[in-house]
Every structure is written in structure tokens, then in C-alpha cells.
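Notes follow the structure.
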Amino acid sequence: MIISSPSDYRAAAQKRLPPFLFHYIDGGAYAEKTLRRNVDDLADVALRQRVLKDMSQLDTSIELFGEKLSIPVALSPVGLTGMYAQRGEVQAAHAADKKGIPFCMSTVSVCPIEEVAPKLGRPMWFQLYVLKDRGFMKNALERAQAAGCSALVFTVDMPVPGARYRDAHSGMSGPNAAMRRYWQAVTHPHWAWNVGVHGKPHDLGNISKYMGKAVGLEDYMGYLGANFDPSISWKDLEWIREFWKGPMLIKGILDPEDAKDAVRFGADGIIVSNHGGRQLDGVLSSARALPAIADAVKGQIKILADSGVRNGLDVVRMLALGADCTMIGRAFIYALAAAGQDGVSHVLDLFEKEMRVAMTLTSVNKVADITPDLLVQSA
Numbered sequence: 001m002i003i004s005s006p007s008d009y010r011a012a013a014q015k016r017l018p019p020f021l022f023h024y025i026d027g028g029a030y031a032e033k034t035l036r037r038n039v040d041d042l043a044d045v046a047l048r049q050r051v052l053k054d055m056s057q058l059d060t061s062i063e064l065f066g067e068k069l070s071i072p073v074a075l076s077p078v079g080l081t082g083m084y085a086q087r088g089e090v091q092a093a094h095a096a097d098k099k100g101i102p103f104c105m106s107t108v109s110v111c112p113i114e115e116v117a118p119k120l121g122r123p124m125w126f127q128l129y130v131l132k133d134r135g136f137m138k139n140a141l142e143r144a145q146a147a148g149c150s151a152l153v154f155t156v157d158m159p160v161p162g163a164r165y166r167d168a169h170s171g172m173s174g175p176n177a178a179m180r181r182y183w184q185a186v187t188h189p190h191w192a193w194n195v196g197v198h199g200k201p202h203d204l205g206n207i208s209k210y211m212g213k214a215v216g217l218e219d220y221m222g223y224l225g226a227n228f229d230p231s232i233s234w235k236d237l238e239w240i241r242e243f244w245k246g247p248m249l250i251k252g253i254l255d256p257e258d259a260k261d262a263v264r265f266g267a268d269g270i271i272v273s274n275h276g277g278r279q280l281d282g283v284l285s286s287a288r289a290l291p292a293i294a295d296a297v298k299g300q301i302k303i304l305a306d307s308g309v310r311n312g313l314d315v316v317r318m319l320a321l322g323a324d325c326t327m328i329g330r331a332f333i334y335a336l337a338a339a340g341q342d343g344v345s346h347v348l349d350l351f352e353k354e355m356r357v358a359m360t361l362t363s364v365n366k367v368a369d370i371t372p373d374l375l376v377q378s379a
């Protein structure tokens, strides 16, 4: 299969993965309208083309929280990354490290913090949910800090899990799920050999470390469903703000008032995100929500954005809409599933090349110049 663009990796991943894993990463909540809007609304953002401005000196790098990033992209926290390739968190983190951008580990990763962080040349980020089990939260924060994680990403748009109907149809959940997953695995021999056999242990590494026993895929939905906390409020984050010594980002912001609350709370950054369309279907796409949020808090707090970013042109669009940096999830997971670390490295190189084309043809030679001035009204 010829891979010439980031989108090609989706088809390659679908071919290689058991359906329960492909549809878990590919799907969204309810009728998946927000999932589609994330991509479509961003693709509809029109840019102002300018020419003959001498673009021979072009710089895609930024500085974020005291670190230099080669491109304004970070790898989003994605649960079960280690099920998409052998010890997938390690492979993805190495690719990000090599590119000079942050990798953010999910609370519900397969590999534990201690397996990934010491092998990297730059500190990784760590993502945490507010869970009823506050003992786990404290343990995870202590371990992340001890491992040198430089930033904490706090996901707040998941007080309850979204209704992801694809999972019941695919075998991730629902009747006879374990049997269906086993059959799918044996009928996808490359994945079965690479991940099923050589990617063990298949447990939730961070939770298993805390529990003192393996917490596997069969416990994944049950553990999360029982531990998400619908009583979450800003006061529940205060002890974490006091404990965590580095930058703290609030992920899951879609409303300007919530962005203002994050500034008042003392967060260092927000991530404009609808969880990739996996939580509340029908909400605004990140691209639609971002400009009003930027108008409200730009300059007071760092603004990152995810959900719908599939290529380097999308990165430029998000920056023009008001983001300081972007995050990608599905784009790197598809590449990881298809070709491991090399796939993630390749897709990040494609993102940079696409950014360079977009910057050249909009006549901006540095990321700071990607502003709303680049936007035009499309027909």
C-alpha cells in the first residue's frame, strides 16, 4: 500500500487491526455528528494565499512551557495505545522524542509511566482523569513527578463515559465480547503476532501498578465506568494544582466561560477539545469553538487544540483560529498501528512538510505570524 499522506494511514490501520480496536479509535459518540464536524469544519477553514514574499527562511518551531518544539504539535493521550502496536506507548514516545515534540501518556495506557519515561531524551507529559479513587490519582501524580514528567494534562470532559455505540457492534463491549475479540485477533495474524503474542502484558499498566495486580482489557470499561466522577468541580482540582510542580493544562474546554474559569483557577494552559467527538455528540467542533475562546483568553493562558487535526494544513488552520499549539490523536494512532514507530515518525514528517507548504503559500515564515489575518471567508 502506498502511503503518501497522513490519511493513507487510516486505511492501512483498518486493514491490519482487529475490528474492535480499529472501531474503538475510529469511532465517536451517538450518531458521530461531532466526529465528522471536527474534520469537516476544519477543512472548510479558508486561508489567504499570498505570493512573492521570499519564503526561503521558514521556521516551524515554537517554544511552549520552556521547551522548544520543532513543530507546534504534541501527541495526545490515547487510551490503550499499547494495543495498536507492540508496546505502543514506547514506540510513539520515541517517535515524538526524535521529532522534538511532546508525547502525552494516557492514564489508561498499556505501558506504565516507568516503562516509557526513562527511555526518552525529553520529559513526557502525563494525562489524568478525575476519578473517584483519589488514592490512584495521588499515586499516579507522585509516579509521574518522580519520572520527570514535565506537564500534567487534566481531562475534565469525561465525568461519565460517552455512548459509543460502535464498541458494542465491534466486540470492544457487548455480548460475547471476549470471544469475538479472540476470533478477530486470530484472523488478523500480523497483529496477533506483533501485539497479541509479543506485546504483553496487555493490562492497564498505570492502574495495575497501583492495584498490585493486572487490570486487563476485560476490566477496562468496568473500571472506568465505576470510577469516573460526575461530582467533579473546580474545587476538586485545587489539591492537584498545589501538588503538581510543573505546567498544568485543562483538557476538554469548549466554552469561553470555562476558559475564563481555567484562567482564574491558575491553569497554565487549556486544550480546546471535544474528546475527538467521543463524548457529547452535537457539540461544536473544536474549530468552531476555538475563535471565541481565543477572543476571551488569548495571551492570558496557553491555548492548545485537538479534535479533527489530520494533517499539517489543519495545524496551520487551528493556529490561525487562535491556538498556540495543536495535539493529534487518531492521526498518529493510525500510523502507529500500520507501521509502528517508523509510521509515527513518517506521519510527523508529513505534518511538517504540509505545514511548510501552507506557510509558504500564505507568506508566513514563522509560527507566531500565523494569526486570524490569514483567514478569509469562503464562498
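If you read the sequence shown in full-length UniProt numbering, its first letter stands for residue 1, the second for the next number, and so on.
The beta carbon of each residue, even a glycine, is placed where N, CA and C say it ideally should be.
Beta-carbon proximity of residue i to residue j, cut-off 8 angstroms
| i | j | result |
| --- | --- | --- |
| I250 | A267 | yes |
| S70 | T60 | yes |
| V110 | G308 | no |
| I328 | S76 | yes |
| V316 | I370 | yes |
| R87 | G199 | yes |
| L47 | A368 | no |
| A85 | G340 | yes |
Buried or exposed by the 16-neighbour rule on C-beta atoms within 10 Å, applied to residue i
| i | result |
| --- | --- |
| M1 | exposed |
| G276 | buried |
| M137 | buried |
| residue 417 | Summary: the structure shown does not reach residue 417, with the chain confined to residues 1 through 379, and so no result is reported for it. |
| M158 | buried |
| P6 | buried |
| D373 | exposed |
| E142 | exposed |
| R238 | In the sequence under discussion, the amino acid at residue 238 is Glu, which differs from the Arg named in the question. So E238 counts as exposed. |
Continuous alpha helix (DSSP H) stretch holding residue i: start and end
| i | result |
| --- | --- |
| T360 | R330 to L361 |
| A259 | P256 to F265 |
| L75 | Per DSSP, L75 belongs to no alpha helix (DSSP H); it is in the beta strand (DSSP E), V73 to L75. |
| R180 | A177 to V186 |
| Y165 | Y165 to S170 |
| F20 | P19 to D26 |
| S208 | G205 to M211 |
Spatial neighbours of residue i in its chain, beta-carbon cut-off 8 angstroms, leaving aside the 5 residues before and after
| i | result |
| --- | --- |
| T360 | M55 and L58 |
| W234 | D261 and F265 |
| I101 | L69, S70, I71, V73, A74, L75 and L348 |
DSSP-derived helix/strand/coil call for residue i
| i | result |
| --- | --- |
| F65 | coil |
| T155 | strand |
| L52 | coil |
| R251 | It is Lys, not Arg, that sits at residue 251 in the sequence shown. Note: K251 maps to strand in three-state DSSP. |
| M124 | coil |
| D59 | strand |
| K298 | strand |
| Y129 | strand |
| L80 | coil |
| G276 | helix |
| V367 | helix |
| G216 | strand |
| A85 | coil |
| R281 | The amino acid at residue 281 is misidentified as Arg; the sequence shows Asp. DSSP places D281 in coil when its eight states are reduced to three. |
| G225 | helix |
| T107 | coil |
Same chain, Cβ closer than 7 angstroms to residue i, five either side skipped, listed in chain order
| i | result |
| --- | --- |
| P161 | L224, G225 and F228 |
| S286 | N38, V272, S273, N274, A305, D306, S307 and G308 |
| R288 | D41 |
| G148 | A117 and P123 |
| E218 | A178 |
| E63 | none |
Delimiting residues of the beta strand (DSSP E) encompassing residue i
| i | result |
| --- | --- |
| L304 | K302 to A305 |
Any chain B beta carbon closer than 8 angstroms to residue i
| i | result |
| --- | --- |
| A11 | Given the protein chain composition of this structure (a single chain), no chain B is represented. |
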